[in-house]
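Visitor:
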Amino acid sequence: MMKLNYLSGYPSALIERIQALLDQDQLGIWLKQKYPSRHDIQTDKALYQYVSDIKQQYLKNSSALSKVAYDNQQHPMKGTLGTNTFVARVQGGKLKSKNEIHIASLFREAPEAFLRMIVIHELSHLKEKDHNKAFYKLCCHMEPDYHQLEFDLRVWLTWRDFSERERS
Numbered sequence: 001m002m003k004l005n006y007l008s009g010y011p012s013a014l015i016e017r018i019q020a021l022l023d024q025d026q027l028g029i030w031l032k033q034k035y036p037s038r039h040d041i042q043t044d045k046a047l048y049q050y051v052s053d054i055k056q057q058y059l060k061n062s063s064a065l066s067k068v069a070y071d072n073q074q075h076p077m078k079g080t081l082g083t084n085t086f087v088a089r090v091q092g093g094k095l096k097s098k099n100e101i102h103i104a105s106l107f108r109e110a111p112e113a114f115l116r117m118i119v120i121h122e123l124s125h126l127k128e129k130d131h132n133k134a135f136y137k138l139c140c141h142m143e144p145d146y147h148q149l150e151f152d153l154r155v156w157l158t159w160r161d162f163s164e165r166e167r168s
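Residue numbers for the sequence shown follow full-length UniProt numbering, so the first one is 1 and each next one is one higher.
#1: Mind checking who residue 179 pairs with in its DSSP beta bridge?
#2: Under 7 Å, do tryptophan 159 and glycine 28 count as touching if we go by C-beta distance?
#3: Go through its chain and collect everything with a Cβ distance to aspartate 44's Cβ below 8 Å, but skip five positions before and after it.
#4: What separation, rounded to the nearest whole angstrom, lies between the Cα atoms of leucine 95 and alanine 46?
#5: Got a sec, what are the start and stop residues for the alpha helix (DSSP H) leucine 21 sits in?
#6: Among the residues of its own chain, which have a CB less than 7 Å from the CB of arginine 154, if the five just before and after it don't count?
#7: What did DSSP end up calling residue 171 once you bin it into helix, strand or coil?
#8: What is the rounded straight-line gap between the Cα of histidine 125 and the Cα of phenylalanine 135?
#9: Going straight from the alpha carbon of aspartate 84 to that of isoleucine 118, what length do you get?
#10: Hey, quick one: how far does the beta strand (DSSP E) through alanine 64 stretch, first residue to last?
#11: In the DSSP assignment, what residue or residues form a beta bridge with arginine 160?
#12: Run the CB neighbour count on glutamine 74, radius 10 Å, all protein chains shown included, and call it buried at 16 or more, exposed below.
#13: Give the secondary structure of asparagine 5 by DSSP, where H, G and I count as helix, E and B as strand, and everything else as coil.
#14: How many Å lie between glutamate 143 and proline 36 at the Cα?
#15: Checking 7 Å against the spacing of the C-beta atoms, do histidine 39 and leucine 138 come in under that value?
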């Protein structure tokens with residue numbers, strides 16, 4: 001029996017249901033029915049445009065993004081699916097600031113709903129730096145199903161890890 005690392009903290013009934021689906025080799029089928037297709041946002045340029053469109057829709061007055069890119073260094077087992085960095089530098093007599101968002105490369109093969117969820121998470125950090133009530137309220141404003149998508153993403157990561165172990 002595989003330890004379901006991504007699902008720790010969830011109620012035991014949910015974890016048992018996911019474990020049962022894994023044991024019956026049905027988890028991938030369930031995920032495929034719920035999220036049938038991958039997205040076509042494969043390049044950093046396309047990702048930048050995708051993130052900019054969402055930002056424009058919900059966070060027009062927030063800081064500009066200087067870079068959005070897929071990142072091979074982001075890894076879910078290390079606790080990072082995406083990062084939002086803010087750098088402020090003094091250049092001459094002016095204060096220059098940059099916001100960058102990096103998304104784990106594994107989202108290239110994920111369903112679009114999961115990419116959207118992680119993008120919304122990172123965009124929310126433009127307004128709220130901490131994972132507090134206001135942060136999650138903003139996430140849910142931009143994506144009403146945010147919490148369900150976060151759970152389903154964790155299930156997808158669990159299935160992905162299980163599938164990789166089975167292949168090796």
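Think of the CB as a built atom: it goes at the ideal place given N, C-alpha and C, for glycine as much as any other residue.
As the structure is a computational prediction, the values presented were derived from the model and not from experiment.
Guide: According to the data block:
#1: Because the chain spans 1 through 168 in this model, residue 179 falls outside it and cannot be assessed.
#2: As a position in the sequence shown, residue 159 is number 159, starting the count at 1. As a position in the sequence shown, residue 28 is number 28, starting the count at 1. Yes, they are a contact pair.
#3: By one-based count along the sequence shown, residue 44 stands at place 44. Here aspartate 44 has Val68, Ala69, Tyr70 as same chain residues with Cβ atoms under 8 Å from its own Cβ, once five neighbours each way along the sequence are excluded.
#4: Residue mapping note: residue 95 aligns to position 95 of the sequence shown, counting from 1. Residue mapping note: residue 46 aligns to position 46 of the sequence shown, counting from 1. Distance from the CA atom of leucine 95 to the CA atom of alanine 46, rounded to whole angstroms, is 29 Å.
#5: The residue you call residue 21 lines up with position 21 of the sequence shown. 12 to 23 is the extent of the alpha helix (DSSP H) around leucine 21.
#6: As a position in the sequence shown, residue 154 is number 154, starting the count at 1. Same-chain partners within the cutoff: Tyr6, Leu7.
#7: A question about residue 171 goes unanswered here, because the residues of the chain that appear run from 1 up to 168.
#8: Position 125 of the sequence shown holds residue 125. Position 135 of the sequence shown holds residue 135. Straight-line Cα distance between these residues: approximately 7 Å.
#9: Translated into the one-based positions of the sequence shown, residue 84 becomes position 84. Translated into the one-based positions of the sequence shown, residue 118 becomes position 118. Going by the sequence as given, residue 84 is asparagine instead of aspartate. Whole-angstrom Cα-Cα distance: 11 Å.
#10: Position 64 of the sequence shown, counted from the first residue, corresponds to residue 64. Premise fails: alanine 64 is in no beta strand (DSSP E) and is neither H nor E.
#11: By one-based count along the sequence shown, residue 160 stands at place 160. Arginine 160 is not bridged to any residue.
#12: Position 74 of the sequence shown, counted from the first residue, corresponds to residue 74. The residue in question, glutamine 74, is buried, as its Cβ has 16 or more Cβ neighbours within 10 Å.
#13: Counted from its first residue, the sequence shown places residue 5 at position 5. In this structure, asparagine 5 counts as helix in the three-state DSSP scheme.
#14: By 1-based counting over the sequence shown, the position of residue 143 is 143. By 1-based counting over the sequence shown, the position of residue 36 is 36. Looking at the two C-alpha atoms, the distance is approximately 19 Å.
#15: Taking the first residue of the sequence shown as position 1, residue 39 is located at position 39. Taking the first residue of the sequence shown as position 1, residue 138 is located at position 138. Here histidine 39 is not near leucine 138, since their CB atoms are 7 Å or more apart.
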